[in-house]
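Take a look at the structure below.
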Amino acid sequence: MFDLAWSTVKARRGGFIAAFVALFFGATVITASGVLLESGLRSGVAAERYAAASVMLGGQQNLETSAPMSPSFSERVSLPADITARVAKVPGVASAVPERSVEVNLVTGQGEVRRGDVPLYAHGWSSAGLAPFTLTAGRQPQAPGDVVLDAGSATAAGLSIEDSVRITAGSDVAEYRVAGIASAPSLTRQSAAFFTDQTASALSGTPDRITALGVIAAPGVDAGDLADRITAALPDVPLAAYTGQDLGDVEFLDVGQARGFLTALSGSLMGTVAMIVLFVVASTLGLSIQQRRRELAVLRAIAATPRQIHRMIGAETLLVSVAGGVLGCLPGFVAAGFLRDAFAGVGVLPADFALTYSPLPGLAAAVLCVLSGLGAGYFAVRRFAKANPVDALGEAAVEPAALGKKRLTFGFALVIAGSAAGTVLPLAIPGPAALAGAAGSVLLLMVGAAVLGPYLVQGVTRLLAPVLTLGRISGYLAVANVKANSRRLSGAVVPLALAMAMASVQIFSLTTAEAAAADEARTGMTADFVLASGGTGLSPDVAGAVRKVPGVASAMPVVRSQVVIAYTSLGDPQAESYAAQGIAAEHLGRALDLAVSSGSLGELRGDTVALSESLAGTAGAGVGDTVEVHLGDSAEQRLRVVAVYQRGLGFGDVTLPHDLLAEHTTDRLDDSVLVSAAEGTDLGALGAALQGLSAGHPGLGVLDRSAFTAAQSEQRGQQSSTNLIGNGLLLLYLVIAVVNTLVMATGARSREFAMLRLIGTGRRHVRRMMTLEAGIVVVAATLIGAAASAVPLIGISVATTGRVLPAVEPLVAGAIVLVAAVIGFSSIVFATRSSLRGRPVDAVGSGA
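So that you can map any letter, position 638 of the sequence shown is 628 in the working numbering, and since no number is skipped, the others follow by simple counting.
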């Protein structure tokens, strides 16, 4: 059977090359997604300041839930300082070293904050041995005003022993004397400044908490065994123990967040990719087998059994699937590297985040491609294999006139299910489940469109027929061809429509959310000025200093973080991370308008919370109800809802009392201060006065309302770029699949073109006919793709903004149609020209 299959593959290269291309690039996309998933689970960066530690203890940075993906905490989860003595008593521990890390900045002689390429962190000198750091000049810090800088920072700032240096923690500045310069074996992701332990404790603002705890093992003690002993000895303290290559996870929180991001993104992407690849492979193989109906009909007529037909097609698809799946894995590893670079370029992955490479993603991709190929081949040939020989010969000459009742029923059922998932679900179930249902509905709709493809293509052809047949022979030929071969043509239309629908949903769901968020931020920000720092944040005393400036009516500090909200959805416990802001409601004044729909922000104090309407609906909580909130540093609170507001996209879904949220952030600093001017105040003079505060608070910046909202829009753009990159490879695969399918479908019609030429039709007429057919393909794909994308976009718009109509950019929509038209026309026209090169007699005689 394999000999026969190999002979068939060699004889019919065109169709099998098309299937090979679909499987090859499908394996590439799946492998790339698999590499990202494995990297999210296993990758990391090497420790630097903790490199000499045997074990590092840190807080639990993830909320333990029963869900497959546990939400992570955005702030550093610190440890109680009093565990140091307890850990030191554990057998096998030589020493336990408390570690504090506080981000700081150097200030130049001109009063400007000097920010290097990497952040500068302040530590207590006792933790220097965890790297280890060694003094290369000077001495260790002994007095509160002493500082030891790493060699790189000292050189970059032009500092030497006994020089004075100004250092800011937040926006507060103090002067120190350089007591020494130290170096470590490796220091590339950060710079270090060492103070006395007491000074470091004061800078942290939380003397009873530590960032992490380093443990040096006694000689001969295994680090893994020691970590288990420590966690067993402290069952009452929620902590995580890190050893070996995992030491970098506790040192660099961005690495853990990057791993969580990759795991979540690639996990969702792989499911979509697998379905799309199966869809494209099934479409390509189905079209290839459709073109072989004469051959299959003859085999049935000479007594080939259905089992033999299935075995033959199975052997052919197995050969092609194995070749495409195995060879396609190799460029998948390269594509994963390009994706990593793209994510690093927009700032969602650290620049030094290394991918983890193993054979597993390639093996999984090859297996999925083989299974997809075999399954697609089986279902594509099933109708031909089951048909009796007489019917098979009839279908070989002319396609069946209509679709079967079962196929029509199944297709319409899929369309109805997709429409319900895209529009009804967001109204019935708010929150992430609604968004997932709306976004996923496009696949249901496209599978339904594939099932109903011939029916839809005939409908579009009838719509265009009056225009195409206006006195043109080519138009009559094009319409007749499409009506007679709608099954074949639908195999080319549906992949193009799918690419257009996927691109539309990805782009316009982002523009819809961005437009709504920008509008909310613009209308909700009523303060006259916004004070912010481009560095490490604003110290809490800045707001008090602003209130003393003449002409200031109110100054409200704002702190931002992420919190985890626990709720029940459809009977199952859920936990999701949401953007949160902390405001001082007593200073709200004219600074912020969240469009409160129920309750009052004036009651936002103590153990209370305000929720956006979207989150309130998701969590099923209203004014007076209690919600379970895990703050940024993992602290669990049960808070009473005092207000529900509309502008969650622009300002975050959760609003908390300022002091409550700030107390559970890593640095206890404010992100901004919203300043409202008193009536009759000259805004220009007030802005200059506020700018004057930077003398005592280096790095302080003053923005007006429009500049601040523009900066916020730029930050939101990062999320858009991330989503587009994540789905860019998938869209590229769809484009390749579309070109591949169109070229295959057109190239296989050489015999048809030859027959037309032999009965007197000129090359020019054939080319015109195919150009018009390309127009039908593009128009049909545009209409189907627009309909398939409109449903999920409406659902996404309702779920995110409450508005029925999504924000669709006409120029972008036109660009999508233009790209589809270029792909459709160029693929079909060039393939037609290639097919017309030979002599008609040769093409007819070959039986092509």
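A virtual CB, placed ideally from N, CA and C, is assigned to each residue, including glycine. Given the structure is predicted, the values throughout are model-derived calculations rather than measurements.
Problem set entry | Reduced DSSP secondary structure (H/G/I, E/B, other) of G582 | According to the sequence provided, residue 582 is Leu. The question's Gly does not apply to it. It is a strand residue.
Exercise. Do the region 22 to 35 and the region 529 to 536 meet, that is, are 3 or more Cβ pairs less than 8 Å apart?
Worked result: Result no; under three Cβ-Cβ pairs closer than 8 Å.
For this session: Measure from the alpha carbon of A652 to the alpha carbon of each residue in A36, T196, A8, G128, then state which is nearest.
Result: When the alpha-carbon of A652 is set against those of A36, T196, A8, G128, the nearest one is in T196.
Problem set entry | Nearest to P351 (by Cα), restricted to the options T751, V613, M260 | Considering only alpha carbons, the answer is M260.
Problem set entry | Own chain, CB closer than 6 Å to Q564, minus 5 neighbours either side, in chain order | Contacts found: Y557.
Problem set entry | Paired residues, beta bridge with P88 - DSSP | According to DSSP, which records beta bridges pairwise, P88 is partnered with L203.
For this session: Check whether the Cβ atoms of T822 and R757 lie closer than 8 Å to each other.
Result: The Cβ atoms of T822 and R757 sit closer than 8 Å to each other.
Exercise. Thinking just about the alpha-carbon of each residue, which of V553, G246, V97 is nearest to the one in L110?
Worked result: That would be V97, whose Cα lies nearest to the Cα of L110.
Exercise. Looking only at its own chain, which residues have a Cβ that is under 7 Å from the Cβ of T598, when we skip the five neighbours before and after it?
Worked result: Counting only Cβ-Cβ distances below 7 Å, and skipping sequence neighbours, we find L629, R630, V632, P647.
Exercise. Quick one: what's got a C-beta closer than 8 Å to A606's C-beta in the same chain, skipping five residues either side?
Worked result: The answer, listed in chain order, is G612, V631, V634.
Exercise. Exposed or buried, which one is Q235 when buried takes at least 16 other CB atoms within 10 Å?
Worked result: Per the 10 Å Cβ criterion, exposed.
Exercise. Per the contact definition of three or more C-beta pairs closer than 8 Å, is the region 310 to 328 in contact with the region 341 to 359?
Worked result: Yes, they touch.
Exercise. Closest by CA to F242, which one among G34, V227, S348?
Worked result: Ranking the options by Cα distance to F242, first place goes to G34.
Exercise. Using CA coordinates, which residue listed in Q627, G622, L149, E763 is at the minimum distance from T616?
Worked result: Answer by Cα proximity: Q627.
Problem set entry | Contiguous alpha helix (DSSP H) assignments of at least 4 residues, all confined to the region 551 to 577 | Taken in chain order, the region 551 to 577 contains no complete alpha helix (DSSP H) segment of 4 residues or longer.
Problem set entry | Pairwise C-alpha distance: V692 and T790 | Note on geometry: alpha-carbon atoms of T790 and V692 lie some 32 Å from one another.
Exercise. Can the beta-carbon of A213 be found closer than 8 Å to that of V45?
Worked result: Yes; because the gap between Cβ atoms is below 8 Å, this pair is in contact.
Exercise. With distances taken between CB atoms, is the gap from S857 to D643 smaller than 8 Å?
Worked result: Outside the shown range of the chain (-9 to 838) lies residue 857, about which nothing can therefore be said.
Problem set entry | For T501, the first and last residue of its enclosing beta strand (DSSP E) | It is not in any beta strand (DSSP E) - T501 instead sits in the alpha helix (DSSP H) that spans 476 to 514.
For this session: Could you tell me the distance, in whole angstroms, from the CA atom of V819 to the CA atom of A780?
Result: V819 and A780 have their C-alpha atoms some 30 Å from each other.
Problem set entry | Inter-stretch contact at 8 Å, needing at least 3 Cβ pairs: the region 358 to 366 / the region 262 to 272 | The answer is yes - the region 262 to 272 touches the region 358 to 366, with three or more Cβ pairs under 8 Å.
Exercise. Going by other Cβ atoms of all chains shown within 10 Å of its Cβ, with 16 needed for buried, is T126 buried or exposed?
Worked result: Residue environment: T126 is assigned as exposed (fewer than 16 neighbouring CB atoms within 10 Å of its CB, all protein chains considered).
Problem set entry | First through last residue of the alpha helix (DSSP H) which encompasses D187 | Annotation: the continuous alpha helix (DSSP H) that includes D187 extends over 187 to 194.
Exercise. Is the CB-CB distance between G119 and A42 below 8 Å?
Worked result: Their beta carbons are under 8 Å apart, which means G119 touches A42 by this criterion.
Exercise. Roughly how many whole angstroms lie between the Cα atoms of A482 and E763?
Worked result: Spanning the two alpha carbons is a distance of roughly 11 Å.
Exercise. Between K538 and G160, what straight-line distance do the alpha-carbon atoms span, to the nearest angstrom?
Worked result: Straight-line Cα distance between these residues: approximately 20 Å.
For this session: Please confirm if the region 452 to 459 is in contact with the region 486 to 501, defined as three or more CB-CB distances below 8 Å between the two stretches.
Result: The answer is no - the region 486 to 501 does not touch the region 452 to 459, with fewer than three Cβ pairs under 8 Å.
Exercise. Where I299 and E306 are concerned, what is the direct C-alpha to C-alpha distance, given to the nearest angstrom?
Worked result: Straight-line Cα distance between these residues: approximately 11 Å.
For this session: Find the nearest neighbour of L177 within the set A121, S194, Y232, judged by alpha-carbon distance.
Result: Of the candidates A121, S194, Y232, the residue whose Cα lies closest to the Cα of L177 is A121.
Problem set entry | Buried versus exposed call for D72 [16 or more other C-beta atoms within 10 Å across all chains shown] | Answer is exposed; the Cβ neighbour count stays below 16.
Exercise. Would you report the Cα separation of D153 and R167, rounded to the nearest angstrom?
Worked result: If you take the alpha carbons of D153 and R167, they lie about 6 Å apart.
Problem set entry | Inter-residue spacing [alpha-carbon to alpha-carbon] between T923 and V432 | Any answer about residue 923 is impossible in this case: the structure gives the chain only from -9 up to 838.
For this session: On a CA-only basis, which of A439, L783, S824 is nearest T413? Give me that one, please.
Result: Nearest option by C-alpha distance: L783.
Exercise. In chain order, what residues of the same chain lie with their CB nearer than 7 Å to the CB of E799, ignoring the 5 residues before and after it?
Worked result: Result list for E799: T501, in chain order.
Problem set entry | Residue closest to L719, alpha-carbon to alpha-carbon, out of L690, T399, P321 | The residue with the shortest Cα to Cα distance from L719 is P321.
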